[in-house]
Structure formats: C-alpha cells, structure tokens
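Numbering of the sequence shown is given in numbering that gives the first Met the number 0, commencing with residue 0 and proceeding in unit increments. So the structure is just underneath, and the comments pick up after that.
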Amino acid sequence: MENSRGALHEQPEGTIMSSTSDRSSARFTRFSHGVLLCVSAATVAVLAACSTPMAPKDGARFDSYASAADRPATRPVRSVTSFTDSLSCMDHMMRDAGTPTTLISSTFFQDYSGRIPVDTKDMVITALSQMSRLSNAFRYVDFEVNIVQQDTVQNLTTILLNTHQMQLQRPALYFSGGISFADQSVLSTNGSAAVSSTHFEAGYNLNRAATIIGLEMHLGDFRTRTFIPGMDSANEVVIDTSGQGLDVSAKIGAVGLTFNLGRNLTQGSGAAVRALAELGAIELVGKYTKLPYWRCLMQDSTNPEFRRQLREWYDSEDGATHARLIERYLVSQGYLAAQGEPRAPDSADLRQAIARFQADHGMVVTGVPDYTAYERAMRDFVAIGPDGNLERVGWPTGDATLSRTPLSVTMAIENPVRDRTEFAAGTQIFASATVSRSAYLYCYLQDANGNVVQLQPNMASPSALVSSNEALRLPDWMAPYPAYLLETGRQGREALMCIAADEDLKPRLPEALQAPPLTPVRGYSVLQQVKDAFDAAAQGRETASALLTWNVKPASAKATPADKGGTGVKPLAKAGQTPPATQPSASGTNTPSEIQKILSVQQGH
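Dropping the structure here:
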C-alpha cells in the first residue's frame, strides 16, 4: 500500500494536469454536442412550423391595424406656386376692366424631351379657370377626339352631334405648346473626404446637380388656325437635386460599430412645370387683353424664397402663437368678432372662421390653424426689404390691433354690350355679384311695374351663404337647370340689389319678406324698403349692399309678360322642364347675335 501510495505521489505533475485537461475537454465536447442538438431540434421545429400555413385568426389583431396604417400621415393641400396670387390678381384686373367672355381651347402639350411625364394641358386649364372665377373672362371648350382612349363623354358627344342633339361652340382662341427641352445635370458637383486610423474610419460625401426645364406656349386664332404674332411665351426653370452622406465606423476590442447618415433633396418636375404653365398663361392672357399683367407678376409672393421663409418663421413659433396670429388676422378681415381673451385653437367659432377663410381662398377646408392657413394669412405682412431679403411688415403681434376690413359687395351686368345702362323691353339680363369674404347674400329685383322679387336664395340655390372665391351669377346661366330667367319689362327703370351680412338675417325679417323666392313681395315696391328691413334685422351689426340700375326702352317686338303687369322673373326650376340654352354670348360662338330670344315660356308660366 505504501508502495502504491508512494508510486502515486511520485507521479509527475504534468501527468495529473493532462488527465484534468482531458476530462474538461470531454465535458466541453459533450456540452457542444448538446447545444448543437438543441439548435438542430429548434431549427427543425421552426421549419416544420413554417411549412404549415398560419391560421388567419392568429394574425387578426395584427391585420386590424392595416386600414388605419394605409392612410396618408398628412392632410392633402392645394397645389400652390409662386404665381397663385398672380392668377387671382389677373382675375380681379379683368373683372375691373369688364373683359368680355372668350371661348378658348387648347392642343395637347407634348413632352418633346421625353423626361417630364406631367399633364401640362390640364395645368393650363386650371390656370385659366382661376383667372375666370370672378371675371368670367374665359370659358374652356372641352372637345377632344382620342381614338385610342375613348370614354363615355367622347362617345356620347359623337352620338349627340350626329343626331343634332348637341351644338358645340367654336372657340375664338386656343393654346398650343409643349415642353421643349429638359437638360439634365447642366451643372453638377461632387466632393468627398475620408479619414481612417487603426480603430476609426469616417467618410463624407456631397453632390449637387441642376436641371433646366423649358416650356413654350403660343396663342392662336381658332378660326384661321394661325398663331397671333407676339402672343408667345418661352420660359425655363431650374430644379435642383442634391445629397450628402456621412459614414462612421469604429472598433473597440472585438466589437465593431458602423453608423450611416444620408440626406437627399429632389425638387420635382410637377411643381416646376405648373409654375411655368401659370406664368405662360398670365403672360398670354395679359397680352391678349392688353392689360398691365406685369403688375400681377411684381408681387412679393412670386419670390422663390417666399414660402420657405414663412415656413422658417412658422417653425420658430409654437402652436398658441400660430392660432393667435391667425385669429388676429381673421378679426381684421371681418371673419371673427374682436374679444379681449385669445380663443382656444380648437374653439368652434375660430374653426368656423378658419374654414370660411380657407374656402374663400381656394384652400382645402380643414378649420385647423395649420401652416396652410398661417401662410395665407401672414403673406400680407411680408415684403422684400432694402437688402433684397424677405422681412415682416406690420406683423400682428402683441396687443396691436389691425384695422378691420369692411364687408363689401360688388355687382356687374354681364351682357356683352357696350352700353349696359339701357336695354330694350324683353331683353334678358345677366348679372353677377361677389362678396369680399364669405357671407350671407340676398338679392332682390325691382321692376318698372313696382314689383319686388327675391332672386337669391331660391329653390335651385337654397343656401344664402356664398364664398368670395367665385361670382354668384344672376341668373346662373352656367347651370343646366337655372332657377329663373331675368327679362326686362315695360318701359321704365329697373334695379337689382344684393345685401350681404355675416349672419343669416332671414329669420328676423318681417313676415312679408318671408315670402317664397321668385314671387312678388307684398307691401314692398322699392328696394330701399328691403334694405331698411335688413338694417333693422342686423341690429347694428355690419351689412353691405350694392345696387345695379338700368333703363328699359320700348321694344319693337310683341309685349312681354312684364308689359302686361307681371314680373320680369320667369321661374324655370320645375320638374320635367328643360330650360332654354340662354347665356351671355361669348367671343367665338357660331352665331354673331346676342342671346337667343325666348319665344315661348314653358308650360305653367
């Protein structure tokens, strides 16, 4: 035993360590095999599960979020360019000048560069529409034959024309043009830098490129299909593409870290072409009407940095400041009543005022004091300073109050004649009315027989609330079924008056003025009586009115219903009746005469 113990103790130390190492290695091997078996088993289980279709009910909760997630994160906004205010300026200028209505059409605007797939033609149509909201200066003739893409409107038009159930009006003018070129990367620059060490690397890259887009536009005479000399527009715009990136990587021991950051800017071609189309339309319309259109192009809002600067000011202020600034502006414009304490951004009267303001300016109506409302309200207080930069002018901050803009009504006779103060008996009258801001509008006619008739609102247009964004036509000659026709009566003097108010005054009027529209108001023979009744119903609140008068001279034709003691208003809005195709004659129609005369009145009148 002693020999055995001695022999054991006499064994070399390296022999004992070798045995221990072998046992540890064996245990590690068995552990590794166990881990490998577990991983393999888990992999097989996962693959087996993936091979079996998932039950739809297992993803029901996840799928329930799809409808909410499949929505834009921001509200839609109206397309606005640097020339949006210029289009409105042209509309007011042509209205003040009494520009007659002209029929116009357009060819297809071809993209000869093959790189700008945008609908330029419809952009031009939109620009013409925005320049005709109040002035009715242009009406677009929409007739196009496309053999490849035939739709319902085109097919029905062909059928009705062949059966003589439809008559097209010949345009007087037409637009022609196209995207003449798109030079990509006319200027480009690219720079990069990098630094590296044993445990650290970093790189930076910057690139920029400029592309030029050109648009040609011409105005032609449709009758001869010839371009009018000097009626052309050739403009170009530069859009920018830029990007920059930063790469950083580091290594600490056996751990590595990589960080990438990039930022890119690509100015779209759609907004650029829209700006070119609006600019070209303003130039051609201004040249054709011989009006000083350059005054509308000199506005500060045409500065490319105008909206970007307003956005920077908007981001530098909080939501309460935005709401307060917008509220002060709306008070100055008459949309809100002044009060000592600021209104809450979500107050009902503030949201209602913002909604009316947005509708008046052609914006997407939300009633929210967001950037679009802020930008449209504050643009009147921005000007180009002596240094060429945009600066705030008369910014409505602090306790300062802005002068209140009064409510106003503007009326005009739209008959295409030189003398609009005298008409023959039986002549149809076409008038229009606009308000300076959205308001409740009521219109009354006084004929030579001493009858007073309410024209607006009526059964075809039951709401008295109108927007300043468009003109109210009296009667609405653009509607397929107008509510009435307006004809001069017997020899004498007639008048048309419109009254506007910020609230609906109809419930407070005397009982006689509650009579149905298009019928004589009993007890009232002059319009001044109607105005006095509205002033009394307003109870000191602001109202506005406008008056049109004309003389009626004898006509050689047979007597009209008004000559026999009736009114010159002929209601038409009855079921089953087809109104006559009457409207103010426009330049370019098939016949040189004015409005076709109504030889017979519909049954029941």
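Just so it is clear, CB atoms sit at the ideal spot from N, CA and C, and this is done for glycine as well. Remember, it's a predicted structure, so these values are computed and weren't measured experimentally.
Query	Result
Which listed residue (Ala201, Glu235 and Leu102) has its alpha carbon closest to that of Leu245	Ala201
Close Cβ partners of Ile124 (< 6 Å) along its chain, the five nearest in sequence each way excluded	Tyr139
Residue range of the unbroken beta strand (DSSP E) whose run includes Tyr373	Not the beta strand (DSSP E): Tyr373 falls in the alpha helix (DSSP H), residues Tyr370 to Met377.
Cβ neighbour criterion (16 or more within 10 Å) applied to Gln351	exposed
Same chain only: Cβ atoms within 8 Å of Gln298, ignoring 5 sequence neighbours per side	Asp84, Ser85 and Cys88
Coarse secondary structure for Trp476, derived from DSSP in three states	coil
Nearest-angstrom Cα separation, counted from Phe258 out to Val284	55 Å
Run of the alpha helix (DSSP H) containing Lys530, from where it starts to where it stops	Leu526 to Ala537
Asn611, buried or exposed, once every other Cβ within 10 Å from all chains shown has been counted against 16	Because the chain is modelled from 0 through 604, residue 611 falls outside the range shown and cannot be assessed.
Option nearest Glu235 by Cα separation, candidates Ser268, Tyr523 and Leu205	Ser268
Own chain residues within Cβ distance below 6 Å of Ser39, not counting five before or after	none
Secondary structure of Thr548, DSSP reduced to three states	strand
Short Cβ contact (7 Å threshold) for Gln332 with Thr404	yes
Minimum C-alpha distance to Lys225 - residue among Gly488, Ala171, Thr100 and Arg436	Here the sequence assigns Thr to residue 225, which means Lys is not the residue at that position. Residue Ala171 is the option with its Cα nearest to Thr225.
contact_flag[the stretch 208 to 227, the stretch 175 to 185] where n(CB pairs < 8 Å) is 3 or more	yes
His321, buried or exposed, once every other Cβ within 10 Å from all chains shown has been counted against 16	buried
Residue range of the unbroken beta strand (DSSP E) whose run includes Val237	Thr225 to Ile251
Val364 beta carbon less than 7 Å from that of Ala354	yes
Residue burial classification, Gly219 (beta-carbon count within 10 angstroms, cutoff 16)	buried
Where the beta strand (DSSP E) containing Gln453 begins and where it ends	Val451 to Gln455
Close beta carbons around Tyr173, own chain, < 7 Å, minus the five adjacent residues each side	Ile103, Ser104, Ser105, Thr106, Gly219 and Phe221
Alpha helix (DSSP H) runs contained entirely in the stretch 86 to 119, provided each spans 4 or more residues	none
Within 7 Å, strictly: CB atoms of Leu313 and Tyr370	According to the sequence shown, residue 313 is Tyr rather than Leu. Yes, these two residues count as a Cβ contact at 7 Å.
The stretch 535 to 545 in contact with the stretch 499 to 508 per 3-pair CB rule at 8 Å	yes
Between the CA atoms of Gln490 and Thr542 - distance to the nearest angstrom	32 Å
Given 8 Å, three or more beta-carbon pairs between the stretch 302 to 311 and the stretch 410 to 425	no
Backbone CA spacing between Ser112 and Met92 [nearest angstrom]	36 Å
Given Met230 as reference, the closest of Arg114, Ala280, Ser315 and Leu526 once Cα atoms are compared	Ala280
Option in Leu290, Arg294, Tyr373 and Gln183 with minimal Cα separation from Arg327	Tyr373
Three-state secondary structure (DSSP) of His360	coil
Simplified DSSP assignment, three categories, for Arg327	helix
Distance between beta carbons of Gln149 and Asp90, contact taken as under 8 Å	With 8 Å as the limit, Asp90 and Gln149 do not qualify as a contact, their Cβ atoms being about 35 Å apart.
Gln490 (DSSP reduced to helix, strand or coil)	coil
Residue nearest to Ile227 in terms of C-alpha spacing, selected from Ile383, Asp95 and Tyr287	Tyr287
Length at least 4, wholly inside the stretch 60 to 89: the alpha helix (DSSP H) runs in chain order	65 to 68
Pairwise C-alpha distance: Leu473 and Ala430	5 Å
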